[in-house]
Amino acid sequence: MWNRGRAAHEAAEAAAAVPAWRSWVSRGERLGSALADLVLPEDCAGCGRAGTVCCAECRSVFDTPELVARGAGTHALTRYRGTARALVVAHKEHRRRGLTGPLGDALAAAVPHLPTARPGPDGTWWLVPVPSRPSAARRRGGSHLLALARRCAATLHADGHSVAVAPALRLAAGARDAVGLDRTQRAANLAGRLRVREDACPPRGTPVVLLDDVVTTGATLSAARAALAGAGVPVGAALTLTAA
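Numbering (this note's numbering), first residue to last: 1281 to 1524.
Structure representation (structure tokens):
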């Protein structure tokens, strides 16, 4: 669980030049993923091909991102359909955590090229994952979006960027599953429940990039923007894997 001490620790490291842990995380996550594939090979979550959690062909659906625009400053890598949908659902609902690597890498490839995104004054890119309902996160074995954000950060760092992850939002108990809700219902579902974690925020005025896996109506991202703006944290851009 995130706490004030850890938030301060990560923020301090983000401000330091080339923090040592970032390259360690990048190498460690990739090595761990490779070892897991060798010891416990899985079938591809996109096509069922044996021996890999995500084959090169299925991974390629994110290689040339369409950057589907969903409102000012909101982009998705591709549409929520076919192989992309299968990969997102497997990662989110079926706990296929081996997909964190390829999906996080796909986000990292797009972040520096988002039209409205920008790093902070010191050159650090700040990533804020959209939170899940607490009950959903428990069912899924943890926050899949926080895992994606951390992989995205590790990959960006390996590419030479200064980057930090700020889990600055939390969703209070009482929010319903948003599946099947329209934009108005989703907004009402989030009203008063999407809150800022002051101890995990970047410095006031620092632009951030919101990360999510699917954008449907845009209500969740709008609520996240509003909550962060109220804390003095502007959202430069929002990036999702897919757009429904």
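Glycine residues also receive a C-beta, built at the ideal position from the N, C-alpha and C atoms.
Keep in mind that this is a model prediction, so the values were computed, not measured.
Identify the residues that DSSP records as bridge partners of residue i: which are they?
i: D1492; result: T1520
i: P1409; result: L1491
i: V1515; result: V1488
i: L1451; result: L1474
i: T1404; result: S1442
Would residue i and residue j qualify as a contact pair, given that the criterion is a beta-carbon distance under 8 Å?
i: A1524; j: V1489; result: no
i: L1387; j: L1491; result: yes
i: W1406; j: A1446; result: yes
i: L1474; j: A1504; result: yes
i: T1354; j: G1498; result: yes
i: D1493; j: T1522; result: yes
i: L1519; j: A1390; result: yes
i: G1516; j: R1398; result: yes
i: L1451; j: P1414; result: yes
For residue i, which residues in the same chain have their Cβ closer than 6 Å to its Cβ, ignoring the five residues on either side in sequence?
i: G1403; result: S1442
i: V1408; result: A1446, A1448, V1488, L1490
i: P1482; result: W1406, A1446
i: L1426; result: P1409, P1447
So residue i is in the beta strand (DSSP E); what residue range does that whole segment cover?
i: A1444; result: 1442-1445
i: L1357; result: 1354-1359
i: L1474; result: 1474-1476
i: L1394; result: First-last for L1394: undefined, no H or E at that position.
Can you tell me the Cα-Cα spacing of residue i and residue j, whole angstroms?
i: L1347; j: T1358; result: 7 Å
i: A1314; j: A1434; result: Unreliable placement is indicated for A1314, whose pLDDT of 46 sits below 50; no coordinate value is reported for it.
i: T1363; j: G1485; result: 38 Å
i: P1514; j: V1410; result: 15 Å
i: S1423; j: R1431; result: 13 Å
i: R1350; j: T1500; result: 12 Å
i: D1385; j: A1506; result: 28 Å
i: A1444; j: H1437; result: 9 Å
i: A1511; j: V1476; result: 7 Å
i: E1373; j: R1420; result: 7 Å
i: A1417; j: P1401; result: 33 Å
i: D1343; j: S1502; result: 27 Å
i: H1393; j: Y1360; result: 21 Å
i: D1439; j: R1377; result: 23 Å
i: A1352; j: A1336; result: 32 Å
Over what stretch of residues does the alpha helix (DSSP H) that includes residue i continue unbroken?
i: R1418; result: 1414-1419
i: R1377; result: From DSSP, R1377 is part of no alpha helix (DSSP H); its letter is neither H nor E.
i: R1329; result: Here R1329 belongs to no alpha helix (DSSP H), and DSSP marks it neither H nor E.
i: R1350; result: Counting along the chain, R1350 falls outside any alpha helix (DSSP H), and DSSP gives it neither H nor E.
i: L1436; result: 1424-1438
i: T1497; result: Premise fails: T1497 is in no alpha helix (DSSP H) and is neither H nor E.
i: A1336; result: 1336-1339
Return the chain-ordered list of same chain residues with a C-beta closer than 7 Å to the C-beta of residue i, the five sequence neighbours on each side being excluded.
i: L1379; result: A1325, V1333, C1334, L1367, A1370, H1371
i: D1323; result: R1329, A1330
i: C1338; result: C1324, G1326, C1327, T1363, L1367
i: P1382; result: C1334, R1339
i: L1318; result: Any reading at L1318 is ruled out, since the residue's pLDDT is 47, under 50, leaving its predicted position unreliable.
For residue i, which residues in the same chain have their Cβ closer than 8 Å to its Cβ, ignoring the five residues on either side in sequence?
i: V1341; result: G1326, T1358, G1362, T1363, A1364, L1367
i: S1412; result: R1420, S1423, H1424, L1425, L1451
i: R1462; result: This sequence places Asp at residue 1462; Arg is not what is there. Same-chain partners within the cutoff: T1497.
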